[in-house]
Structures are given as C-alpha cells and as structure tokens.
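Step one of this worksheet: look at the structure below.
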Amino acid sequence: MRYNDPELQRRLAGEYVLGTLKGRARARFERLLRRDSGLRDEVAVWQEQLMPLASALPPIAPPTRVWRNLQTRLGMRAATRFSLAFWRNLGLISSTAVAALALYIAIAPLHAPGPAYVAVIADAQAKPAWIVSTRDTTLTIKALTPRALAANQSLELWLLPEGGKPVSLGLMPLAGSKTALLPAPVRGQFAHAQAVAVSVEPVGGSPTGQPTGPVVYQGALIVS
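Mapping of the sequence shown onto my numbering: residues 14 to 237, in sequence order.
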C-alpha cells in the first residue's frame with residue numbers, strides 16, 4: 014500500500030480518529046505514526062475538526078408520535094423482537110455517529126445540487142456500521158464495521174416513512190460499497206421519512222416485503 018499518498022494518509026488518519034480503523038490495520042497505522050511526523054500532523058487536524066463537532070451537538074429526542082407510529086406500523090405492541098427502548102436510541106445521536114457523518118461529508122466527492130439524504134447506521138451501542146447516502150436516483154451504502162452473519166442470514170435496509178409501512182431499500186454489503194438505483198416511488202418517500210433501519214432476514218431478504226427478523230441497526234436521516 015502506498016502510505017506516502019497524501020489522499021490515502023488523509024483517509025486513514027480520519028478513520029483512525031473516528032475509531033473505524035481496527036485490528037492489524039490500526040496497529041500498522043500506529044507504527045507509521047511513530048516515525049512519520051506528517052502523519053501525526055494529519056491525525057491532529059482530524060482530531061481538531063471532529064471532536065469539537067461531536068461535543069457541540071446535543072441529543073435530540075424525536076416527537077412522541079414517532080414512537081407511536083413505529084409501534085403501530087411495525088407491530089411492536091405484539092412482537093417482542095422490536096424493542097421500544099432500542100428505537101428510542103434513534104434520537105440520541107452519539108458523538109461517534111456524528112463524527113462518522115462529518116468524516117463522510119469531508120471525504121465524499123462533490124455532486125451536482127439536488128435532494129440528498131445521509132444516515133449513519135449504528136447498532137444499539139451507537140457503534141457506526143454503515144453510511145447510507147442518496148443523490149437524486151442513486152443510493153450508496155458504504156460499510157464501516159458491520160456485524161458478522163450466519164450463512165443463512167442477510168441484512169436488509171428499510172426506509173421508515175412517517176405514518177407508512179417500512180420500504181425495503183435492498184440488502185446491506187458487509188464490506189466495501191454498494192450503489193443501486195432508487196425506483197421513482199421509493200425516491201418520493203424519503204421526504205416523508207425520518208429514519209432507516211436494518212433487520213436480520215433470511216438469505217436474499219425478507220420473504221414478506223416487511224421486516225421479519227430483529228431490527229439490529231438504526232440511523233436518523235439527515236438532509237445534506
């Protein structure tokens with residue numbers, strides 16, 4: 014790997030500060046830090062940019078009607094797999110998730126003006142697993158650190174329109190990135206949605222068109 018590439022150094026430094034650089038990659042990066050003052054400067058820049066942003070944003074509690082709608086539409090009153098406490102975490106955006114969003118905005122390429130949405134999808138411990146973004150007709154999903162799955166399982170992404178049923182946005186990648194075209198009816202529902210969620214489903218996705226397994230990830234939609 015070309016560690017002397019300035020763009021690569023910038024991305025690695027950002028992931029290091031964010032905490033998404035793990036295992037051998039993180040250990041290798043820390044070895045480089047000990048002998049590369051320029052790389053240490055890059056890390057310091059990211060720390061200065063991300064940490065104040067994370068601490069400056071207070072938690073935001075969504076309206077009570079959001080939880081009522083989710084309970085009704087997803088059948089949480091009858092199905093124990095959907096925990097109300099889990100969904101309430103949607104309004105408490107962690108500093109890590111905010112930092113992940115800041116990192117995405119900082120390194121993502123510029124696009125033409127148009128309606129766009131971004132969500133940092135995290136688990137119940139607020140650990141970011143994916144960044145989901147839309148631009149006009151395109152949905153992009155970038156994997157960060159998702160959980161391992163059994164061979165007979167898939168993870169499916171759902172858009173949660175207010176007052177409507179969950180809408181499938183396809184299966185989640187466990188590594189790398191995925192880009193897909195959004196059908197016109199689905200694009201129109203983003204304006205009426207506040208969140209996305211990820212459920213565990215059989216291989217290939219839900220057989221019913223609605224979540225059938227536990228919801229293990231969530232993320233608030235933000236207009237970018």
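We put the beta carbon where it would ideally sit given N, CA and C, even for glycine.
Please read these numbers as outputs of a predicted model, since none were measured by experiment.
Discussion item. Please list the terminal residues of the continuous beta strand (DSSP E) segment that includes Gln-22.
Written reply: Run containing Gln-22: none in the beta strand (DSSP E); it sits in the alpha helix (DSSP H), 19-31.
Worksheet item: What's the C-alpha gap between Asn-17 and Leu-182?
Response: 38 Å
Worksheet item: Does the beta-carbon distance from Asn-165 to Pro-215 come in below 8 Å?
Response: At a Cβ-Cβ threshold of 8 Å, Asn-165 and Pro-215 count as neighbours.
Fill in: For Asp-149 and Val-209, the rounded distance between their alpha carbons
Distance between the alpha carbons of Val-209 and Asp-149 is about 17 Å.
Worksheet item: CB Ser-146 to CB Val-133, shorter than 8 Å?
Response: no
Fill in: Neighbourhood of Ala-197 by C-beta distance below 6 Å, restricted to the same chain and skipping five residues each side
For Ala-197, where only same-chain residues beyond five positions count, there are no Cβ hits under 6 Å.
Fill in: Short Cβ contact (8 Å threshold) for Ala-156 with Leu-187
yes
Worksheet item: Going by the beta-carbon positions, is the gap between Glu-185 and Pro-159 smaller than 8 Å?
Response: It should be noted that the sequence gives Met, not Glu, for residue 185. A contact, by the Cβ cut-off of 8 Å.
Fill in: Coarse secondary structure for Glu-175, derived from DSSP in three states
coil
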